[in-house]
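Heads up: the structure comes next, in structure tokens.
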Amino acid sequence: MSDRDFGIDIVVNGKPEHLKVHIDQPMERYVKEALERSGNSGQPPEQWELRDATGRILDASKTVGQSGIKKGAKLFLNLKAGVGGGRG
Amino acid sequence: MGAAVAERQYVDPAVSRRKFDREIAEFRAEAVEYGRRGWFLADARFPHALVVLSTAKTQPISVLCGVLFDYSNYDAAPPSVRLVHPLTREPYKWSEVPTRLPRLSPPPDAVPAVAQPPGVQQPLPPELAQALAQGGAQALGQVGAQVTLQAQPLMQAHGDDDIPFLCLAGVREYHEHPAHTGDPWESHRRSGAGRLVRLVQIISKYGPETIDGFEVQLTPQIRFRFGVPPG
Chain A
0 MSDRDFGIDI
10 VVNGKPEHLK
20 VHIDQPMERY
30 VKEALERSGN
40 SGQPPEQWEL
50 RDATGRILDA
60 SKTVGQSGIK
70 KGAKLFLNLK
80 AGVGGGRG
Chain B
0 MGAAVAERQY
10 VDPAVSRRKF
20 DREIAEFRAE
30 AVEYGRRGWF
40 LADARFPHAL
50 VVLSTAKTQP
60 ISVLCGVLFD
70 YSNYDAAPPS
80 VRLVHPLTRE
90 PYKWSEVPTR
100 LPRLSPPPDA
110 VPAVAQPPGV
120 QQPLPPELAQ
130 ALAQGGAQAL
140 GQVGAQVTLQ
150 AQPLMQAHGD
160 DDIPFLCLAG
170 VREYHEHPAH
180 TGDPWESHRR
190 SGAGRLVRLV
200 QIISKYGPET
210 IDGFEVQLTP
220 QIRFRFGVPP
230 G
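So the sequences go chain by chain: A and B.
The first sequence: position 39 = 38 (numbering that gives the first Met the number 0), numbered continuously.
The second sequence: position 223 = 222 (numbering that gives the first Met the number 0), numbered continuously.
Now the structure itself:
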């Protein structure tokens, strides 16, 4: 494995998934992979929010490298709020 | 736990307890990371979990509120979610709640009407969504010329003395509300909408993460200063 391929963890709604990523690939690819692996197929990837360990929201259309993701990084993927508020 | 009203358990308790234990175990597995964001799991005894949220961006850091979850009958039913006083665990009334979780969104006529399945949010333009996500309220000035946004609280109530509820798919009070009979829990159950970490993330995003400092209001008072009275 070159230094452009490495492993990261994506915690999907609290459950970690370990993935091998390439620095030039867009994060959305790995978002889809993490959702498939964790069995979260009920909502499309656009309805999920990806954050790094500091809580910064990541743009999944950017590559792993552009997102500043390093080997061993831990990211967090959670279902967005969706509809709600002001409807009660 | 606290003032929570016990929900009658009609699902096999072993099933709900096992799913509750999974939620708690997964939260604890990342407790260090979540602690950096100001999330602390203060108590977890089936079916209740208390998460305390603090304002990680302020100096000094302060506790904002507690969030009391009730996972009775999970996941045949979604969890109940209440914002509570972090020390007494009493649910806040609408007039007391420290945050109403304001959320910016375009009015219904700001984007073309497109039929979407329940639980799907009308999308913001990517540039706008990114600006809002990263800049929060400060981005309003930059994007205001493009789309008129309105703040709608995720917390809802009908009166000052009501206990507000989190108006969000995946929350028991939302799905039990008469206005949401068209959006049943069954539509969201398998998407993870009721997961503990997901709900804490959303409350944190629209609550403590929007707080980056303190405001101090001082009211000056002018009175006569009297000298020593004459004898």
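We treat Cβ as the ideally placed atom computed from N, Cα and C, and that holds for glycine.
In this text the structure is predicted, and so the values were computed from the model without any measurement.
| query | result |
| --- | --- |
| Amino acids of chain B, ordered along the chain, whose beta-carbon sits closer than 7 Å to that of lysine 14 of chain A | Glu25 |
| Contact set between arginine 44 of chain B and chain A, taken where Cβ atoms lie within less than 8 Å | Those within 8 Å of arginine 44 of chain B in chain A number zero; the least Cβ separation is about 19 Å. |
| Secondary structure of glycine 34 of chain B, DSSP reduced to three states | helix |
| DSSP beta-bridge partners of lysine 18 of chain B | According to DSSP, lysine 18 of chain B bridges with nothing at all. |
| Helix, strand or coil at proline 177 of chain B according to DSSP, with G and I counted as helix | helix |
| Nearest-angstrom Cα separation, counted from glutamate 185 of chain B out to glutamine 151 of chain B | 25 Å |
| Partner residues on chain B for lysine 73 of chain A, Cβ-Cβ distance less than 9 Å | Glu29 and Glu32 |
| Distance between beta carbons of lysine 61 of chain A and proline 44 of chain A, contact taken as under 8 Å | Not a contact, Cβ separation roughly 14 Å. |
| Pairwise C-alpha distance: histidine 174 of chain B and threonine 57 of chain B | 35 Å |
| Collapsed DSSP secondary structure at glutamate 172 of chain B in the structure displayed | helix |
| Bridge partners - isoleucine 9 of chain A, DSSP secondary structure assignment | A:Glu16 and A:Leu74 |
| Of the residues B:Phe45, B:Glu6 and B:Glu32, the one placed nearest valine 14 of chain B, counting alpha carbons only | B:Phe45 |
| Cβ-based neighbour list, glycine 191 of chain B, same chain, cut-off 7 Å, excluding 5 preceding and 5 following | Arg197 |
| Presumed contact (8 Å Cβ cut-off) between tyrosine 205 of chain B and leucine 100 of chain B, rounded CB distance | 4 Å |
| Cutoff 9 Å: threonine 53 of chain A Cβ touching any chain B Cβ | yes |
| Outcome for threonine 54 of chain B when other beta-carbon atoms lying within 10 angstroms are tallied against a minimum of 16 | buried |
| Member of A:Lys14, A:Val20, A:Ile9 and A:Asn12 whose CA lies at the smallest distance from the CA of arginine 3 of chain A | A:Val20 |
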